[in-house]
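The numbering used here puts the sequence shown at residues 122 to 1005.
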Amino acid sequence: MVKFLSSIHNLEPPNRGIESGCINIDIRRSNTANSDRLFPLVQSQLEQTVDVGGEFSERSCQPPLQLNIVIQIVGSRGDVQPFVALGKVLREVHGHRVRIATHAVFKSFVEEQGLEFFSIGGNPEALMRFMVNNPGLLPHYQSLRSGEVLKQRKCLYEVLKGCWRSCIEAGDGMGPRPTNEDYASLPKWSSTPANTRPFVADVIIANPPSFAHVHCAERLGVPLHLMFTMPWTPTQAFPHPLAIIRSSSLDKGLANLLSYTLVNRVVWHGLGDVINLFRQRCLHLEPLSMIWASGITHSHDIPFTYAWSPALLPKPPDWGPNVSVAGYFQLPPLESPPKVPGRLLEFLAAGPPPIYVGFGSIVVKDPERMTQIIFEAVAEAGVRALVSVGWAGLGGGEIPKNVHIISDIPHSWLFDQVSAVVHHGGAGTTAASLMAGKPTVIVPFFGDQFFWGKIVAQAGAGPPPVPYKTLTTKRLATAITQALLPSTVATAQRLSERIRAEHGSETGAEIFQAKLPASKLRCSILTRRAAVWKVKKTQIRLSALCAATLVKERILHKQDLELYRSQEYELEQGPWGPISGTVSTLVSTVGRLTQEFVELPINIVQTFQSPKPEPIGPCDSLSQASSCPLPTCSAPPNLVSLNDKALRPLDSRTSYVAELLQRRTLNKQLEADLCGSLKRRAPSRHDRRGRQVLQKGKSKELLQTMADISVDITSNVVSSLTNIADLCLMFPAKLTMSLALGFHNAPKLYGDKTVRPPPSTRVSTFKHGLGHGAREFQTQLSDAVTGVLLLPLHGAREDGFVGFTKGLGMGAGGLGLKSMAAIFGLPAYTLKGLHKGLRKHDILDFTRYIDAARTAQGEEEWNRATDAEKKEIIRRWNEIAPKS
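Structure (structure tokens):
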């Protein structure tokens, strides 16, 4: 769901669209400073009709693959349900293992549909409340002062970590997280329940607001397929649903296209630091630029499928073949009617079909006022109504006779019983009402709900939307009356017939299958299974079962295998030129250094205020004597060790302090009681010994507390100094890399179409970096020299003498710029390889975890395989094995 976007900015701009919750855009051609800055981004979007072609869209004659698929969703019930419908088709029709990774509140709903569940954290109800109070991309200043924005950023960071865990972790994400010590036990797992079986994703499906998707795919090296219920791909057909173009001196299509770039820039500007923190601390990936990394999902040939009806909103002509509109993803019809309260059936039978009024997962500030408006509007329109309580808490107070209050009733049954539907404009509810053929009145609260309100009205299936901010009894009653006009009812029914014929869930699953890079994913021996291992120094790919069989038969050794990466993503495209690259590197490095120096004393002060929680052992003898045992305090271990004090809540540390104070208070009370009894009689040798024991215990506890604080301070200082040293050591590598990529990309600014794609910056060792730098030096120097001759010739063929002259200029410019790219590329890649080699141990933990999980997967499949299958694996291996 889109609302994590609303926690992204620190100030409220004057042109913010309060009434719509969207960004107001005023585009003026005279603002050359901004247009020059945005031109490369817009140009890249104009060239975005990418034909992925080849194997990526092939329909192979090979048997269908069996994959581990994780579907990551952030949002409300309406956002989750379409993906559950898709997951059922992928599991039941195509035979994949499907895991739904979303918020814990949807666990029972997901598991009731026969799918695996994994909790990524986050509270959608609190998120919805924040969304209604801050309806746009930019939050109110009051939310900043109250700390709500910081809470949402913390929540986002936890969700990002949860999405990564969902890709590699067994279980449902609800219990304690596995630690490094659990790695060794993974291979011992064999035939276990589905929710505890080892799981490593072969493919990731996600909605864009989950944000971790492309970064997890980059780390794992697996394909990514994005799916969403609102437009997210740049187009000239309509503006971004979260943007309102107030005025523009540009062509309408170009202004629409630019709105996507601007929204992406705003989103990345607000969330980029949190995402980069996640990349660095959890994934051990390089941070992305805060300047030019926006819109990365649109520039890497990532398939995108939209879950709305093309009958309602057709696919724009400028979307390439990697973008599809499948239709609404809907769960199959109920096999039997749901259990409906008798009073509801009596109300339905007592008169003409009522209208439905409900706002799903929306949480409103004043449910009593909202309820009063609904009741009065229903009376003024002269209709009967079913009002859903929902998360808004509607239906309080005295209920009129023409209104019946309901709770959670399946829309697929309920909407067939009503005459019209009034709702918030969520994609899921919009789909259900249109499929039922009912006129739709949309009361949008924020974000894309305004967009769908306009689209439904343009289709003739409902009146214009009535925004929540301006909702009155009169406006709602008028909208209901318009919705019940015969022409509106007829249009809604015709649209329903077209939508029902689309079978969106099945179409979406087929599109997903068609877009898979199947030839890269298949095992070289058993082509139905996904490749998870690669035999070193060969191109042979092995599934978990094949690898387990060959290792057990001693045909291969475990050391002969490495984890296979089926898809590579190079997200860092580099700066537009050397100047922007240099400035960006300087600003980011100075900013990070300043942050480290500022946080160091703050962390030390926090250490004194709230010591690090440690498990407290059994009660001592004095506590036991008091018959007041103290609880032990323990925190669940983390999969990755993170020092995220800036984003971590203080609950665990507070509980530790409370417990420590409780223990100290108890000791003081015991000491007072003991001393009081000693004053009433002459002290004996036993009494003196008791006081000595008590004082000794207090001193020991005080020393232990001081020792804990000293350890924390030392840890903070060492961590900060390590980060500072790392930043200083990395600065030469980052600066030379920015210059190399900047000089590489600079010829694009004046239209040189011979510029190669940005080279990969992914190097792992000094040797790898040196080789990569040498290749970049050779290719750039070659392009610089040959461009002087070839560019004028190409220009002359295309545009005669004028083209020849332009080619001469481009060739001369390329001679200088590409030569500089070659000169800086050699040290840039070499230094980066050196740094990566020194820090290679950072990624060993979760690499070891994935390795162990894949080994356990192979063990489990080997135990289930028949002897004939194992013999067939060995036979096929002998056919393709390299001859030594």
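Beta carbons: idealized from backbone N, C-alpha and C, even for Gly.
Nearest-angstrom Cα distance between residue 885 and residue 544?
-> One-based indexing of the sequence shown puts residue 885 at position 764. One-based indexing of the sequence shown puts residue 544 at position 423. The straight-line gap from Cα to Cα measures roughly 53 angstroms.
Look at the alpha carbon of residue 437 and the alpha carbon of residue 320, and state the distance between them as a whole number of angstroms.
-> In the sequence shown, the residue the question calls residue 437 occupies position 316. In the sequence shown, the residue the question calls residue 320 occupies position 199. Rounded to whole angstroms, the separation of the alpha carbons of residue 320 and residue 437 is 38 angstroms.
Hey, would you say residue 327 sits closer than 9 angstroms to residue 289, going by beta carbons?
-> Position 206 of the sequence shown holds residue 327. Position 168 of the sequence shown holds residue 289. Contact: no.
From residue 489 to residue 462, what distance separates their C-alpha atoms?
-> Along the sequence shown, one-based indexing puts residue 489 at 368. Along the sequence shown, one-based indexing puts residue 462 at 341. Each residue's Cα considered, the two are about 24 angstroms apart.
What number of angstroms, rounded off, separates the C-alpha of residue 629 from the C-alpha of residue 446?
-> The count along the sequence shown starts at 1 and reaches residue 629 at position 508. The count along the sequence shown starts at 1 and reaches residue 446 at position 325. Between residue 629 and residue 446, the alpha-carbon positions lie close to 8 angstroms from each other.
Ordered along the chain, which non-local residues of its own chain (more than five positions away) have a Cβ less than 8 angstroms from that of residue 435?
-> In the sequence shown, residue 435 corresponds to position 314, counting from 1. So the qualifying residues of the chain are 446.
Pairwise C-alpha distance: residue 362 and residue 572 = In the sequence shown, residue 572 corresponds to position 451, counting from 1. In the sequence shown, residue 362 corresponds to position 241, counting from 1. Our two residues, residue 572 and residue 362, have alpha carbons roughly 5 angstroms apart in a direct line.
Among the residues of its own chain, which have a CB less than 8 angstroms from the CB of residue 614, if the five just before and after it don't count?
-> As a position in the sequence shown, residue 614 is number 493, starting the count at 1. Excluding residues within five positions, the ones whose Cβ falls inside 8 angstroms are 558.
Return the chain-ordered list of same chain residues with a C-beta closer than 8 angstroms to the C-beta of residue 1001, the five sequence neighbours on each side being excluded.
-> For the purposes of this step, residue 1001 is taken as the residue at position 880 of the sequence shown. Cβ neighbours of residue 1001 beyond the five flanking positions: 645, 646 and 661.
Contact under 9 angstroms by Cβ, residue 214 with residue 637 = One-based indexing of the sequence shown puts residue 214 at position 93. One-based indexing of the sequence shown puts residue 637 at position 516. It is not a contact, given that the beta carbons lie outside the stated cut-off.
CB-CB under 6 angstroms to residue 184, same chain, minus the five flanking residues each way: which ones, in chain order?
-> Taking the first residue of the sequence shown as position 1, residue 184 is located at position 63. Closer than 6 angstroms at the Cβ level, and outside the excluded window around residue 184, lie 649.
Does the distance from the C-beta atom of residue 935 to that of residue 904 stay below 9 angstroms?
-> Mapped onto the sequence shown, residue 935 falls at position 814. Mapped onto the sequence shown, residue 904 falls at position 783. The answer is yes: Cβ separation under 9 angstroms.
Classification of residue 838 by the beta-carbon crowding that lies within 10 angstroms, buried from 16 upward | The residue labelled residue 838 in the question sits at position 717 within the sequence shown. Per the 10 Å Cβ criterion, exposed.
Should residue 953 be labelled buried (16 or more other beta-carbon atoms within 10 Å of its own) or exposed?
-> Taking the first residue of the sequence shown as position 1, residue 953 is located at position 832. Residue 953 comes out buried.
Check whether residue 942 and residue 864 have beta carbons under 9 angstroms apart = Mapped onto the sequence shown, residue 942 falls at position 821. Mapped onto the sequence shown, residue 864 falls at position 743. In contact: residue 942 and residue 864 (Cβ atoms closer than 9 angstroms).
Out of 651, 983 and 484, which has the shortest C-alpha to C-alpha gap to residue 641?
-> Along the sequence shown, read from residue 1 onward, the residue named residue 641 stands at position 520. Answer by Cα proximity: 651.
List the residues that DSSP assigns as beta-bridge partners of residue 669.
-> Position 548 of the sequence shown, counted from the start, is the residue given in the question as residue 669. In DSSP, residue 669 forms no bridge with anything.
What is the DSSP secondary structure of residue 430, reduced to helix, strand or coil?
-> The count along the sequence shown starts at 1 and reaches residue 430 at position 309. Per DSSP, reduced to three states, the secondary structure at residue 430 is coil, with no helix or strand assignment.
Compare the Cα-Cα distances from residue 283 to each of 830, 680, 439 and 334 and report the closest residue.
-> Indexing the sequence shown from 1 puts residue 283 at position 162. For residue 283, the nearest C-alpha among the options comes from 334.
Pair every Cβ in the stretch 821–841 with every Cβ in the stretch 714–725, then say whether three or more of these pairs are closer than 8 angstroms.
-> Touching, yes.
Where does the unbroken beta strand (DSSP E) through residue 477 begin, and where does it stop?
-> What you label residue 477 is simply residue 356 of the sequence shown in a count that begins at 1. Here the beta strand (DSSP E) through residue 477 covers 476–478.
Residue 704 to residue 354, Cα distance in whole Å?
-> One-based indexing of the sequence shown puts residue 704 at position 583. One-based indexing of the sequence shown puts residue 354 at position 233. Rounded to whole angstroms, the separation of the alpha carbons of residue 354 and residue 704 is 30 angstroms.
Closest to residue 602 by CA distance: which of 505, 222, 522 and 552 is it?
-> Counted from its first residue, the sequence shown places residue 602 at position 481. When each option's Cα is compared against that of residue 602, the closest is 505.
Nearest candidate by alpha-carbon position, reference residue 236, set 861, 594, 211 and 582 | By one-based count along the sequence shown, residue 236 stands at place 115. Comparing alpha carbon positions, the residue from 861, 594, 211 and 582 closest to residue 236 is 211.
Could you check the C-alpha separation between residue 681 and residue 657 for me, to the nearest Å?
-> The sequence position of residue 681 within the sequence shown is 560, counting from 1. The sequence position of residue 657 within the sequence shown is 536, counting from 1. Residue 681 and residue 657: Cα-Cα distance of roughly 6 angstroms.
Can you say whether residue 427 is buried or exposed, counting buried as having 16 or more other CB atoms within 10 angstroms of its CB?
-> Along the sequence shown, one-based indexing puts residue 427 at 306. It is buried - the Cβ of residue 427 has at least 16 other Cβ atoms within 10 Å.
Which of the three DSSP states, helix, strand or coil, is assigned to residue 602?
-> Position 481 of the sequence shown holds residue 602. It is helical.
Does the distance from the C-beta atom of residue 501 to that of residue 609 stay below 9 angstroms?
-> The sequence position of residue 501 within the sequence shown is 380, counting from 1. The sequence position of residue 609 within the sequence shown is 488, counting from 1. No, the Cβ-Cβ distance between residue 501 and residue 609 is not below 9 angstroms.
Can you give me the start and stop residues for the beta strand (DSSP E) that residue 389 sits inside?
-> The count along the sequence shown starts at 1 and reaches residue 389 at position 268. That residue, residue 389, is in no beta strand (DSSP E); its alpha helix (DSSP H) goes 373–402.
Okay, do the stretch 584–598 and the stretch 555–570 touch, 3+ Cβ pairs below 8 angstroms being the bar?
-> Three or more beta-carbon pairs drawn from the stretch 584–598 and the stretch 555–570 are found closer than 8 angstroms, and the two stretches are therefore classed as touching.
With DSSP as the reference, label residue 485 as helix, strand or coil.
-> Within the sequence shown, numbered from 1, the residue matching residue 485 stands at position 364. Correct three-state label for residue 485: coil.
Quick one: what does DSSP say residue 407 is sitting in, helix, strand or coil?
-> Residue mapping note: residue 407 aligns to position 286 of the sequence shown, counting from 1. Here residue 407 sits in coil by DSSP.
Please classify residue 473: is it buried, with 16 or more other beta-carbons within 10 angstroms of its beta-carbon, or exposed?
-> The residue you call residue 473 lines up with position 352 of the sequence shown. Classification for residue 473: exposed.
Given 8 angstroms as the limit, is there contact between the stretch 682–696 and the stretch 406–426, that is, 3 or more CB pairs closer than that?
-> By the Cβ rule, the stretch 682–696 counts as touching the stretch 406–426, because three or more pairs are nearer than 8 angstroms.
Look at the alpha carbon of residue 404 and the alpha carbon of residue 231, and state the distance between them as a whole number of angstroms.
-> Walking along the sequence shown from the start, residue 404 turns up at place 283. Walking along the sequence shown from the start, residue 231 turns up at place 110. Roughly 28 angstroms separates the two Cα atoms.
Output the boundary residues of the beta strand (DSSP E) element that contains residue 509.
-> What you label residue 509 is simply residue 388 of the sequence shown in a count that begins at 1. Residue 509 -> beta strand (DSSP E) spans 506–509.
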